[in-house]
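See structure below.
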Amino acid sequence: MTPDQLLTTTRAVRRRLDLTRPVDLGTVKDCLRIALQAPSGGNEQPWRWIVVTDPAQRAAVGRWHTLAWQEHFLPRRDAYPPADVESAGHLARHIADVPVLVIPCLELKSGALPQGSQASLWGSLLPAAWSYMLAARARGLGTAWTTAHLAYEREVAEVLGLPDNVRQGALIPTAHVLGTGFRPARRRAVEEVLYLDRWS
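So in the numbering used here, spot 172 of the sequence shown is number 175, and the numbers just go up one at a time.
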């Protein structure tokens, strides 16, 4: 794939994750090595990565994700396109069956998030997480970005044995994909979202 193809066809894969085929841990580590090349504020590299492959651990994390989806997403389902609701529901029902769950985290000096803008804080994690997802796509794996479980971040931290100063940023299910037909998504035209010099 060219860089443009990779960037425009890396989709949130939920229904097309292959739940029966194991994922090689070495491949996941290769993707993480690439992710670690992402920029981070002050080059502090505060990211930490929890890779969950044990079935019991996946089930425990999955229970909290599914509960969060049922309690927080489903009541607002009318705000989303039906296809997205169906796709997210499929993932919520099967997340424990996804062979690898990757949870990017930040290790902070204390567990408290700073007051005010957190852009620089999360800006030190999100580019690395996206790099992981792009690297996975380049290797034939599918991923999806989800944060539903963060409604129960403390409970999931307990499942994972995270110290108090580690905060989770996302949950990235990772698996081989069913089919190959990934294409660019429908998006607004750049002219609809671009402002030059001033918001006007």
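Think of the CB as a built atom: it goes at the ideal place given N, C-alpha and C, for glycine as much as any other residue.
Source: prediction; values computed, not measured.
At what residues does the alpha helix (DSSP H) containing residue i begin and finish?
i, result
"Ala122", "122-125"
"Gln60", "58-71"
"Gly164", "Unbroken run through Gly164: none, as it is neither H nor E."
"Leu39", "Counting along the chain, Leu39 falls outside any alpha helix (DSSP H), and DSSP gives it neither H nor E."
"Leu153", "Segment: none, Leu153 is in no alpha helix (DSSP H) and carries neither H nor E."
"His93", "85-97"
Please state whether DSSP places residue i in a helix, a strand or coil.
i, result
"Glu110", "strand"
"Leu197", "coil"
"Ala132", "helix"
"Arg14", "coil"
Could you spell out where the beta strand (DSSP E) holding residue i opens and where it closes?
i, result
"Thr177", "175-179"
"Leu241", "Since the first and last residues shown for the chain are 4 and 203, residue 241 lies out of range."
"Arg51", "50-55"
Under 6 Å: does the beta carbon of residue i sit that close to some heavy atom of the ligand MN?
i, result
"Gln48", "Only the bare structure without any ligand can be found here, which leaves the ligand MN out of the picture."
To the nearest whole angstrom, what separates the beta carbons of residue i and residue j, a pair I think is in contact under 8 Å?
i, j, result
"Ala178", "Val103", "7 Å"
"Val180", "Gly145", "4 Å"
"Thr23", "Arg140", "So it is not a contact: roughly 20 Å between Cβ atoms."
"Tyr135", "Ala15", "Tyr135 to Ala15, Cβ: 14 Å. No contact."
When you compare the CB of residue i with every CB in chain D, is at least one pair closer than 7 Å?
i, result
"Phe185", "Looking for chain D here will not work: only one protein chain is present."
Output the distance between the C-alpha atoms of residue i and residue j, rounded to the nearest integer angstrom.
i, j, result
"Ala154", "Ala71", "6 Å"
"Asp33", "Val54", "13 Å"
"Arg79", "Arg18", "21 Å"
"Leu116", "Asp57", "30 Å"
"Asp200", "Arg36", "38 Å"
Task: At least three beta-carbon pairs within less than 8 Å, the segment 55-75 to the segment 96-116 - done: Judged by Cβ distances under 8 Å, the segment 55-75 makes contact with the segment 96-116, as three or more pairs qualify.
Open item on the list: So, does the segment 6-17 touch the segment 99-114, judging by three or more C-beta pairs under 8 Å?
Closed with: No, they do not touch.
TODO: Give a yes or no on contact between the segment 123-140 and the segment 70-90, applying the rule of three or more CB pairs nearer than 8 Å.
DONE: No, because fewer than three Cβ pairs between the segment 123-140 and the segment 70-90 fall closer than 8 Å, the two stretches do not touch.
TODO: Please confirm if the segment 110-123 is in contact with the segment 39-51, defined as three or more CB-CB distances below 8 Å between the two stretches.
DONE: Flag = yes, the segment 110-123 and the segment 39-51 touch.
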